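Encoded as structure tokens, the structure appears first; notes follow it.
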Amino acid sequence: MTYSEAEKSFIDNISTLYDPLEAKSLAWLSMNHVSKLERAKYLSIKNEEMPAEHMQALYNIQNELASGRPLQYIIGETEFYGLIFLVNPDVLIPRPETEELVDWALITLRGIEKDPVDLKILDIGTGSGCIPVAIKKFFPDPEVYALDISSGALATARKNALLNETEIHFIQVDILYPVNDILPGLKFDLIISNPPYVRDSEKQQMLKNVIDHEPHTALFVPDSDPLLFYKSIADFAFNNLQDDGYLLLEINENLGTETCKMLVEKGFKNIELRQDIRGKDRMIKASLK
Ligand code: GLN
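Have a look at this one:
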């Protein structure tokens, strides 16, 4: 069988589970993973015979995909902000909306009128480490810290920092407990977070492969207190931000107004709510003065 025929058969096989565009993109990502060929090279040899070991590897991916396992977990990696990140069920698969948050963080950092080597950044609930690693990669001078409750997530985030040659200080902490003294003496210029924000009642609108495979501690919050992480993060930021520092949050698209209101009540100023590329309320920036 040629590469091209194998790709077509792969798409046919998963077409009952994924819409046509996604099936096509999954097929290319799988083919790229299996053959290690760049797109241009692949196109130039796609009518050649595919080696048996590549066929077998592609077939294995197809079977796992059919069981609903996300491709990123099957192949163990994904791309975020143009960088490769290792992923496994200990960490959420980085989402495109979080790339938009990183964009805003980089613009904010570049606008701070201080020597970048003096800046300190903290990411709360780092997961795969995609936020601090991408920030450090594209704005390398500040000192970057990242927290998570999960040792499995921190192990993955450490590997991702190494893989992308970035130095980040990782610390295991539950942000829901009073943690004002975890980083004594440090004041941050930017505190950023993409905490769990999907309400239990919103579960049914999510894809089954997300619910079945991605870490629930990174995703879900009770309907009775959907902003619980945001409140703790706001309290922590209130005490640990520089006077001219910024808080930057990814949020639940249905809770923009509530999240802004909570930040006002906690004493934050200059609260700016922004939409993501799909027009959903997705990010907030706030400061203390
Ligand atoms: N944006 C993610 C999703 O909808 C949720 C991320 C989060 O809870 N922080 O799958």
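Per this note's numbering, the very first residue in the sequence shown carries number 1; after that it's consecutive.
Glycine residues also receive a C-beta, built at the ideal position from the N, C-alpha and C atoms.
All of these numbers come straight from a predicted model, not from anything done at the bench.
>> I'd like the ranges of any beta strand (DSSP E) spanning at least 3 consecutive residues and lying wholly in the stretch 67–143.
In response: Listed in chain order, they are 77–80, 83–86 and 120–124.
Q. For residue 273 versus residue 234, is the C-beta spacing smaller than 8 Å?
A. The count along the sequence shown starts at 1 and reaches residue 273 at position 273. The count along the sequence shown starts at 1 and reaches residue 234 at position 234. Contact annotation: residue 273 and residue 234 have beta-carbon atoms that are not nearer than 8 Å.
Any heavy atom of the ligand GLN closer than 7 Å to the beta-carbon of residue 274? Along the sequence shown, one-based indexing puts residue 274 at 274. The answer is no for residue 274.
Next on the checklist: For residue 33, report the span of its alpha helix (DSSP H) as first-last.
Outcome noted: Here residue 33 corresponds to residue number 33 of the sequence shown, with the count starting at 1. From DSSP, the alpha helix (DSSP H) with residue 33 extends over 20–35.
Throw me the rounded Cβ distance for the residue 157 and residue 128 pair, which I believe falls under 8 Å. Taking the first residue of the sequence shown as 1, we reach residue 157 at position 157. Taking the first residue of the sequence shown as 1, we reach residue 128 at position 128. Indeed, because the Cβ distance is near 6 Å, the residues count as touching under 8 Å.
Starting from residue 287, trace the beta strand (DSSP E) both ways and give me its first and last residue. The count along the sequence shown starts at 1 and reaches residue 287 at position 287. First-last of the beta strand (DSSP E) with residue 287: 281–287.
>> Please report the distance separating the alpha-carbon of residue 8 from that of residue 55.
In response: Mapped onto the sequence shown, residue 8 falls at position 8. Mapped onto the sequence shown, residue 55 falls at position 55. Those two C-alpha atoms are separated by around 13 Å.
message: Could you tell me the alpha carbon to alpha carbon distance between residue 142 and residue 14, rounded to whole angstroms?
response: Along the sequence shown, read from residue 1 onward, the residue named residue 142 stands at position 142. Along the sequence shown, read from residue 1 onward, the residue named residue 14 stands at position 14. Here the C-alpha atom of residue 142 lies approximately 45 Å from the C-alpha atom of residue 14.
Worksheet item: What first and last residue would you give for the alpha helix (DSSP H) that runs through residue 164?
Response: Counting from one through the sequence shown, the residue named residue 164 turns up at place 164. Note, residue 164: premise wrong, no alpha helix (DSSP H); not H, not E.
Does the Cβ-Cβ distance between residue 122 and residue 145 come in under 8 Å?
Working through the sequence shown from its first residue, we reach residue 122 at position 122. Working through the sequence shown from its first residue, we reach residue 145 at position 145. In contact: residue 122 and residue 145 (Cβ atoms closer than 8 Å).
- Query: How do the stretch 187–205 and the stretch 98–118 stand: do at least 3 beta-carbon pairs fall below 8 Å, yes or no?
  - Reply: Yes, the stretch 187–205 touches the stretch 98–118.
Check: If you run the structure through DSSP and keep just helix, strand and coil, what is residue 229?
Finding: If you number the sequence shown from 1, residue 229 lands on position 229. Secondary structure of residue 229 (DSSP, three-state): helix.
Report task. Under 6 Å Cβ to Cβ from residue 256, same chain only, skipping five residues before and after it: list those, please. Result -> Residue numbering aside, residue 256 sits at position 256 when the sequence shown is read from its first letter. Setting aside the 5 residues that flank it on each side, residue 256 is surrounded in the same chain by 273 and 281, each with a C-beta closer than 6 Å to its C-beta; the list follows chain order.
| request: Tell me residue 198's beta-bridge partners as DSSP assigns them. | output: Sequence index remark: in the sequence shown, residue 198 carries index 198 (1-based). Residue 198 has 220 as its beta-bridge partners, per DSSP.
For residue 130 and residue 94, which I take to be in contact (beta-carbon distance under 8 Å), what is that distance rounded to the nearest angstrom?
Counting from one through the sequence shown, the residue named residue 130 turns up at place 130. Counting from one through the sequence shown, the residue named residue 94 turns up at place 94. Between residue 94 and residue 130 the Cβ distance is about 4 Å, and since that is below 8 Å, they are a contact.
Discussion item. Counting beta carbon pairs with one atom in the stretch 224–240 and one in the stretch 194–208, are three or more of them shorter than 8 Å?
Written reply: The stretch 194–208 makes contact with the stretch 224–240; the number of CB pairs closer than 8 Å reaches 3 or more.
*Leaving out the 5 sequence neighbours to the left and right, which residues in its chain are closer than 6 Å to residue 252 when beta-carbon positions are compared?*
Within the sequence shown, residue 252 is the residue found at index 252, counting from 1. Result list for residue 252: 197, in chain order.
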